[in-house]
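Visitor:
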Amino acid sequence: MTAFERARQRADRFEGMMGPISIGLFEAFLELQLKSGVHGNMVEYGVYRGRSAAVALSKLRASERMMLVDAAVKYPEFVKLKSINPNFDFIEGKSEQLVDDDRLRAFLEAGVRFSHHDASHFYDNVAAEMALMEPFILPRGLMVLDDFGNPSYMQVVAACFHHLARTDCNLEVFLYANNKAYLCRKEDFEFYAGFVLEKMLPRLHAVGLNVYLSRTDNNARYRGFSIALKSKATDDDLYGLSFFGDRFYQL
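Heads up: the sequence shown runs through residues 1 to 251, numbered per full-length UniProt numbering.
1. Contact between the region 117-125 and the region 148-164: three or more CB pairs below 8 Å?
2. What are the start and end residues of the beta strand (DSSP E) that includes P139?
3. Whole angstroms is fine: what's the gap from L138's alpha carbon to L171's?
4. Can we say the region 85-103 touches the region 46-61, given the rule of at least three CB pairs closer than 8 Å?
5. Within this structure, are the beta carbons of G93 and N41 separated by less than 9 Å?
6. Below 8 Å on the Cβ atoms is my contact criterion, and I expect A7 with I23 to pass it. Report the Cβ-Cβ distance as a whole number of Å.
7. What residue ranges within the region 35-95 form continuous alpha helix (DSSP H) runs of no fewer than 4 residues, ordered along the chain?
8. What is the DSSP secondary structure of Y249, counted as helix, strand or coil?
9. How long is the line joining the alpha carbons of E187 and V79, rounded to whole angstroms?
10. Looking only at its chain, what residues have a beta carbon closer than 6 Å to the beta carbon of N218, apart from the 5 residues adjacent to it on each side?
11. Would you tell me roughly how many angstroms separate the C-alpha atoms of L145 and R223, rounded to the nearest one?
12. Taking all protein chains shown into account, do 16 or more other C-beta atoms lie within 10 angstroms of the C-beta of L241, making it buried, or fewer, making it exposed?
13. Pull up the DSSP beta-bridge partners for E172, would you.
14. How big is the Cα-Cα spacing for S152 and K180?
15. When you compare the CB positions of F191 and R113, do they come within less than 9 Å of one another, or not?
16. Which ranges would you report for the beta strand (DSSP E) in the region 92-131 if only whole runs of at least 3 residues count?
17. Going by beta-carbon coordinates alone, are G50 and L81 separated by less than 9 Å?
18. Buried or exposed: V126, going by 16 or more other Cβ atoms within 10 Å of its Cβ?
19. Compare the Cα-Cα distances from M17 to each of D118, F90, F107 and report the closest residue.
20. Within 10 angstroms of the Cβ of M1, are there 16 or more other Cβ atoms? Answer buried if so, exposed if not.
21. Taking one C-beta from the region 20-36 and one from the region 56-76 each time, how about it: are there three or more such pairs within less than 8 Å?
22. Would you report the Cα separation of C184 and F148, rounded to the nearest angstrom?
23. Who pairs with A177 in a beta bridge, going by DSSP?
Dropping the structure here:
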């Protein structure tokens, strides 16, 4: 069984919306962190039953912990999550109302290598989470925003880019895929974008995900990549080569 198959098997024990592409990306990025010696805790805002938390917990070291935050304690399936990894804590509440919570802030002070944001998706919710989390994202850490680009939740996009436009912001989007935005510190862009450019398509193709990579600009204000399912199996792996050439597929 491949690492992707194990991750998908864990996720499929839980109800939720996380699809195969996101499972494959989570597994790949978290494994990259492990192999690259990136240490730190994890946070998830909006747990529901625990589908995405199950994937993340499987990549948590014994010395690390994950904080799960949800508006209702009745939703997460804690027993099943503990069977994957018991190294997690839980706080009940709405994330935008927890920005001054002593327990949450004490946890964040240790530093975070992975945060997943899948709570209410209101503008204020996303804005509050990003402002709270940015100072605690460690070198080579990741922030993942859910429902980014979902036509029903376009306020997530607005909140994200409003935060990124701040002069003191040190985050940027390096990948958009399957309604999730993947952000890293600006100094880590080449580390993660390079991995996407060189390794991600072969990795996803190997597990049967027929996806392509696209980038149609390389601007200091936005230079991220996108991954999406191909319309036809014969479509190119890299979008736009026939009219742009390969200039956007270089770092």
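Where is the CB? At the ideal position from N, CA and C, for every residue including glycine.
This structure is a prediction, so every number in the text was calculated from the model and none was measured.
Guide: According to the data block:
1. yes
2. 137-146
3. 11 Å
4. yes
5. no
6. 5 Å
7. 51-57, 78-84
8. helix
9. 39 Å
10. F248
11. 17 Å
12. exposed
13. C184
14. 14 Å
15. no
16. 112-117
17. yes
18. buried
19. D118
20. exposed
21. yes
22. 15 Å
23. K180, I227
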